[in-house]
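Chains X and S, in that order, are what the protein sequence lines are. Counting from 1, position 121 in the first sequence corresponds to residue 164 in the working numbering; the numbering is continuous, with no gaps. Counting from 1, position 72 in the second sequence corresponds to residue 86 in the working numbering; the numbering is continuous, with no gaps. Backbone N, C-alpha and C define an ideal beta-carbon position, used for all residues, glycine too. Predicted model, so just to flag it, every value in this text is computed and none were measured. Below is one structure, written out as C-alpha cells; comments come after it.
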Amino acid sequence: MTRLLEVRDLRVQFRTRDGIAEAVGGVSYGVDAGRTLAVLGESGSGKSVTAQAVMGILDSPPGRITGGEVLFRGRDLLTMRAEQRRRIRGAAMAMIFQDALSALNPVITVGAQLAEMYEVHRGMSRGDAQRRAVELMDRVRIPAAGQRAGDYPHQFSGGMRQRIMIAMAMALEPDLIIADEPTTALDVTVQAQVMDLLAELRREYAMGLVLITHDLGVVADVADTIAVMYAGRIVETAPVRDLYRRPAHPYTRGLLDSVPRVDHGGGQARRGHADHGRHGGHESHGVHGAHRGGKLYAIRGAPPSPLTMPSGCPFHPRCPRAQEVCRVERPPLYEVTTDAGTDAVANTGADTESGIGSGIGSDGRTSACHFWKEELHA
Amino acid sequence: MPEPFDTRYDMTEAIAPAGGGGGGGAVDPAASGPQGLKDRPRRLTLPWRKEPGRRLGGPAAPTGRGLWSDAWHDLRRNPVFIVSALIILFLVVIAIWPQLIASGNPYHGDLARAQDGPAPGHPFGYDLQGRDVYTRTVYGARASITVGICATLGAALLGSALGGLAGYFGGWWDALLSRIADVFFGIPILLGGLVFLSVVTSGSVWPVVGFIVLLGWPQISRIARGSVVTVKEHDYVQAARALGASSGRTLLRHIAPNAVAPVIVVATIALGTYISLEATLSFLGVGLKPPTVSWGIDISSAATQIRNAPHMLLWPAGALSITVLAFIMLGDAVRDALDPKLR
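What follows is the structure, encoded as C-alpha cells:
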C-alpha cells in the first residue's frame, strides 16, 4: 500500500553568510490516511523547515533542498512541475500556521479569504463561494458565522482566528494537513478546544495529519505516531504509547522528564536518569528532585548550531549517557524491538526506511542512539 | 494655528454641500480650537451621523477597522488634509472648467494695456502682451494639474509594477532593475530635461509628462520594491502559497493591497514636486511652449519685468506655490494617516 505521505531522507540546506547550514539532514517519516503523526522537537530542530519543504513553500534562496524524496500518494513532489504542485497545494494538502493573526491577510475579510479557496480551486461563483465560506465557519464552530464573515482577522479572538485558519486549510477537504504548532500562540484553555476540533475534523474527513509541535501534552491525546527531531534529524520514531512508556533515546527521555507532572512525580521514566546522573555530573540531573515540589529536570546545554554540528551523535554534548563512541561515530537509525531487544542494527539508508514512522500495528520503532537498548530497558 | 482654520471656513462655505445642521456637535474633541460657532455643526454632522458610538464622548480611538478605514477616520479629522483636499478639489475643477470663474480669453491681448496694473474686471492686471493675468492664471492650472496627475500616475504605475515584480521575484531581475533605476537616478533632472526636451518641438504636455515619468519611476520603484520585500516575508503570503495561490494571485491580492500605502504617500508628495518641475522646465524654455498657457511660461516671461510690473510674476508664482504646497500637505497628511507608527 502506498502511504499518503512519505518523506525519504530529505535534506535541506540554508546558505548563510557564515557558511552552509544543514537545517534538515536526512529526515524520513510517513503518515497514512486517517492517522496523525506528531513531529516533536525544540525550536531550531528543523521540524518546520521539513514541513515547508514538504509543502513546497520553502524560501529559496536561501533554502535549498539538496536531497531526498517527498512522496505524496506515491508521486514525488520534488520532481513535479511547479504548476502541478501548486494545484496539489490547498486542494490535496494544506497547512495550518502557528500564528493565525499573521497568517491571515489583514486587509481581506475572513469570509472573502475563505471564499477565495472555492473561487480559485473550484471556480465557484462569488455568491456560492461566500455561502460555502459561511458554512465552513459554522463547521469550525464560529458563533454567528453569517454575520462575522464580513469581519477582518484582527477583529477575532486568538482561538477564533485559529479556527478560521483551520477552516481555510479544511476548505477543499484535503487528504493531508500539516499543522505547524497550531496551538502555540493560544492560551491553554483554547488550546484544548482547537486540538479537539482538529482531531474531530481529521476523524470525520479521514485525513492524514502531520502535527508539528514542541508540546508533549498536546501530542499525547491526538497522535498515533511520534517522530522526535533533534538538530535536523529524526532521533526516535515510535507509536505514541510506547514512546511515552519506554523512550528509546536519551533525548526523548529528557523531554519527557522535563514535563512537570502532578501525579506520582518520580515515575518510571525518571529512574533512567538516576543511574546516569553521575555521568553528567550536573546538578540539573537531580533526578530525585523531580518529584512534586522538587526540582524539575532540564536537559542541560543548548541545541547545537547547524553551522557547527558536533561530531558523532549531535546530542552527545548534552547526553547523560554519552560514551566515547558517541563522540566519534554517528549512530544510524536502529530498529527498536521491544520484546527481547536482541536483534536490530540496521543502517541508515534504504533498508530502514520502509519501517520508519509506520503507524500502530507494525511496530516500526527506530532510535538513533548507540545505547537504545540500555535506554529502553532503563 | 488660526490661519489655516480660517481658510478652511471659507472653503467649506464655498464648496462643501451643507449637511443637515443638527445641533449639539460640540461633543467632537477634534473640533476644539478657535472656530466660528456657526460653522461647527455643519462640518461635524457627517462623521457624527455615521458613528453613533462617538457621542459617548472621549477621543474616538480608531479601534480595529483595518488600515484603510482607520486612515480615512484619521484624515477626516485632520485640518491639514481638509484644507489641502479642498484646495486641490478647487484646482481640479478650474483645470477642467476654467470658464467657470474666468470668462475672458487667455489669448486675447490688448497691447495698449501691456503691463498695466489691476483694473476693474481685470483684478490681476495685464501682462507684457496686454493679456489678462487673472484669466491666464486660471487657465494655467490645467497644464500644471494635467502634468502633475498624468506624470504621477505614469511614474506610480510604472514604478510600482517594475519595483513590485523586482521585490517579489528577486534574483537577477531584481539586480538588473535596481541597476537600471540607479542609472536613471544618476541623471540630473535639469540637465536631463535640457538635453531630452530641447529636441522636442511639440509644445503639448505629453513630452513633459513622458520625461517626468522617465526620471520619476525609479524613486517609486525603490519604495515599491522595499515595501513588497517586507510584505512578502509575512506569514499570510506564505499561507496563501501553502493553500495553492498562484504567483499572480499572491502578488495582486495578498501583497499589493498591503504594500501600496508607502507608494501612495510618496506619489502624492511627488505630485507636488512634478508640478514645480514642469514649471521649472517651462521657465527654462524646454517644457511647455506657447501657445500652451502655463504658469511656468508666464513666470518666465514676467521675470524680466519684475521691477516695473511685479504683478505679472506674483500671481502665477503664487498659484504655483499654493498648488505645490497643497499636494505636499496632502501627501504629509496621507502619510501620517497610513503610518501606523504615528498613531
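Span separating the alpha-carbon of residue i from that of residue j
{"i": "GLU112 of chain X", "j": "ALA222 of chain X", "result": "20 Å"}
{"i": "GLN141 of chain X", "j": "LYS90 of chain X", "result": "13 Å"}
{"i": "ILE163 of chain S", "j": "TRP187 of chain S", "result": "29 Å"}
{"i": "LEU179 of chain S", "j": "PRO305 of chain S", "result": "41 Å"}
{"i": "ILE336 of chain S", "j": "LEU205 of chain S", "result": "26 Å"}
{"i": "GLY99 of chain X", "j": "GLY337 of chain X", "result": "46 Å"}
{"i": "PRO290 of chain X", "j": "TYR72 of chain X", "result": "18 Å"}
{"i": "VAL177 of chain X", "j": "ARG51 of chain X", "result": "39 Å"}
{"i": "VAL213 of chain S", "j": "PRO221 of chain S", "result": "10 Å"}
{"i": "ALA275 of chain S", "j": "LEU344 of chain S", "result": "14 Å"}
{"i": "VAL122 of chain S", "j": "ALA170 of chain S", "result": "Residue identity differs from the one stated: residue 122 of chain S is His in this sequence, not Val. Cα to Cα, the separation comes out at about 38 Å."}
{"i": "TRP415 of chain X", "j": "HIS292 of chain X", "result": "6 Å"}
{"i": "LEU328 of chain S", "j": "THR318 of chain S", "result": "13 Å"}
{"i": "ALA116 of chain S", "j": "ILE108 of chain S", "result": "9 Å"}
{"i": "HIS213 of chain X", "j": "ASP264 of chain X", "result": "The residue asked about is misnamed: residue 213 of chain X is Met in this sequence, not His. Their backbone Cα atoms lie some 21 Å apart in a straight line."}
{"i": "CYS369 of chain X", "j": "TYR294 of chain X", "result": "14 Å"}
{"i": "ALA253 of chain S", "j": "GLY68 of chain X", "result": "25 Å"}
{"i": "ARG175 of chain X", "j": "ALA85 of chain S", "result": "32 Å"}
{"i": "ALA331 of chain S", "j": "HIS325 of chain S", "result": "10 Å"}
{"i": "ILE138 of chain X", "j": "ARG246 of chain X", "result": "The question names Ile, but residue 138 of chain X in the sequence shown is Met. So the alpha carbons of these two residues sit roughly 17 Å apart."}
{"i": "LEU299 of chain X", "j": "TYR287 of chain X", "result": "7 Å"}
{"i": "LEU240 of chain X", "j": "GLU65 of chain X", "result": "35 Å"}
{"i": "MET250 of chain X", "j": "GLU216 of chain X", "result": "8 Å"}
{"i": "LEU157 of chain X", "j": "MET167 of chain X", "result": "12 Å"}
{"i": "ARG408 of chain X", "j": "GLY260 of chain X", "result": "21 Å"}
{"i": "VAL152 of chain S", "j": "ASP141 of chain S", "result": "14 Å"}
{"i": "PHE183 of chain S", "j": "LEU176 of chain S", "result": "11 Å"}
{"i": "THR93 of chain X", "j": "GLY201 of chain X", "result": "26 Å"}
{"i": "ALA172 of chain X", "j": "ASP218 of chain X", "result": "21 Å"}
{"i": "VAL338 of chain S", "j": "VAL243 of chain S", "result": "31 Å"}
{"i": "GLY144 of chain S", "j": "ARG236 of chain S", "result": "47 Å"}
{"i": "ARG343 of chain X", "j": "PRO363 of chain X", "result": "9 Å"}
{"i": "VAL165 of chain X", "j": "ARG263 of chain S", "result": "The question names Val, but residue 165 of chain X is Arg in the sequence shown. Approximately 15 Å between the Cα atoms of the pair."}
N-terminal and C-terminal residue of the alpha helix (DSSP H) that residue i is part of
{"i": "ARG136 of chain X", "result": "Before going further, note that residue 136 of chain X is Met rather than Arg in the sequence given. Premise fails: MET136 of chain X lies in the beta strand (DSSP E), 136-139, not in any alpha helix (DSSP H)."}
{"i": "ALA317 of chain S", "result": "309-317"}
{"i": "PHE115 of chain X", "result": "From DSSP, PHE115 of chain X is part of no alpha helix (DSSP H) but of the beta strand (DSSP E) over 106-115."}
{"i": "PHE104 of chain S", "result": "93-110"}
{"i": "ILE155 of chain S", "result": "A small fix is needed here, since residue 155 of chain S is Ala in this sequence, not Ile. 147-183 is the span of the alpha helix (DSSP H), which, as asked, contains ALA155 of chain S."}
{"i": "ASP300 of chain X", "result": "293-300"}
{"i": "GLU159 of chain X", "result": "153-165"}
{"i": "ARG129 of chain X", "result": "125-131"}
{"i": "LEU254 of chain X", "result": "LEU254 of chain X -> not in any alpha helix (DSSP H); beta strand (DSSP E) instead, spanning 251-256."}
Beta strand (DSSP E) segment containing residue i, residue limits
{"i": "GLU216 of chain X", "result": "From DSSP, GLU216 of chain X is part of no beta strand (DSSP E); its letter is neither H nor E."}
{"i": "GLU279 of chain X", "result": "276-282"}
{"i": "ALA64 of chain X", "result": "62-74"}
{"i": "GLN56 of chain X", "result": "48-59"}
{"i": "MET98 of chain X", "result": "It is not in any beta strand (DSSP E) - MET98 of chain X instead sits in the alpha helix (DSSP H) that spans 90-98."}
{"i": "LEU83 of chain X", "result": "79-83"}
{"i": "SER410 of chain X", "result": "408-410"}
- request: Any chance you could list the beta strand (DSSP E) runs of at least 3 consecutive residues sitting entirely within the segment 220-247 of chain X, in chain order?
  value: none
- prompt: What residues in the segment 230-260 of chain S bring their beta carbon closer than 8 Å to a beta carbon of chain X?
  reply: Across the segment 230-260 of chain S, CB contacts with chain X closer than 8 Å involve HIS248, ASP249, TYR250, GLN252, ALA253, ALA254, ARG255, ALA256, LEU257, GLY258, ALA259 and SER260, in sequence order along the chain.
query: Using a Cβ cut-off of 7 Å, which residues of the segment 265-287 of chain S contact any Cβ in chain X, in chain order?
result: HIS268, PRO271 and ASN272
query: Given a limit of 7 Å on CB to CB distance, which residues of the segment 232-245 of chain X reach chain S?
result: none
task: With 8 Å as the C-beta to C-beta threshold (strictly closer), list the residues of the segment 127-140 of chain X near chain S in chain order.
output: Cβ proximity to chain S below 8 Å picks out ARG129, ARG130, ILE131, ARG132, GLY133, ALA134, ALA137, MET138 and PHE140 from the segment 127-140 of chain X.
Residues of the segment 93-112 of chain X whose Cβ lies closer than 7 Å to any Cβ of chain S, in chain order: MET98 and ILE100
message: Would you call the segment 145-152 of chain X in contact with the segment 267-279 of chain S, where contact means no fewer than 3 C-beta pairs closer than 8 Å?
response: yes
field: the segment 149-169 of chain S / the segment 303-323 of chain S touching (three or more Cβ pairs under 8 Å)
entry: yes
message: Just to confirm the assignment: which complete beta strand (DSSP E) runs, minimum length 3, are found wholly within the segment 327-353 of chain S?
response: Qualifying beta strand (DSSP E) stretches: none in this window.
- prompt: Listed in chain order, which residues of the segment 341-365 of chain X have Cβ atoms closer than 9 Å to some Cβ of chain S?
  reply: none
task: Check distances from the C-beta atoms of the segment 162-187 of chain X to those of chain S and list, in chain order, the residues that come in under 8 Å.
output: Hits within the stretch, in order: VAL163 and HIS164.
Every unbroken alpha helix (DSSP H) inside the segment 232-304 of chain S [4 residues or more]: Complete alpha helix (DSSP H) runs here, min 4: 249-256 and 270-297.
- prompt: Quick one: any contact between the segment 129-141 of chain S and the segment 93-103 of chain S, if contact means 3 or more CB pairs under 8 Å?
  reply: Contact annotation: the segment 129-141 of chain S does not touch the segment 93-103 of chain S, with fewer than three C-beta pairs closer than 8 Å.
task: Please confirm if the segment 127-134 of chain S is in contact with the segment 190-203 of chain S, defined as three or more CB-CB distances below 8 Å between the two stretches.
output: no
query: Taking contact to mean at least 3 C-beta pairs separated by less than 8 Å, is the segment 75-92 of chain X in contact with the segment 260-275 of chain X?
result: yes
field: Cβ contact check for the segment 252-264 of chain S and the segment 122-138 of chain X: 3 or more pairs under 8 Å
entry: yes
- prompt: Using 8 Å as the Cβ pair cut-off and three pairs as the minimum, do the segment 235-246 of chain X and the segment 288-295 of chain S touch?
  reply: no
- prompt: Is there contact between the segment 47-66 of chain X and the segment 101-110 of chain X, where contact requires at least three CB pairs shorter than 8 Å?
  reply: yes
message: Short of 7 Å Cβ to Cβ, which residues in the segment 122-142 of chain S face chain X?
response: none
task: Return the residues of the segment 195-220 of chain X that lie within a Cβ-Cβ distance of less than 9 Å from chain S, sorted by chain order.
output: TYR195, PRO196, HIS197, GLN198, MET208, MET211, ALA212, ALA214 and LEU215
message: At a CB distance below 9 Å, what residues from the segment 249-261 of chain X approach chain S? Give them in sequence order.
response: none
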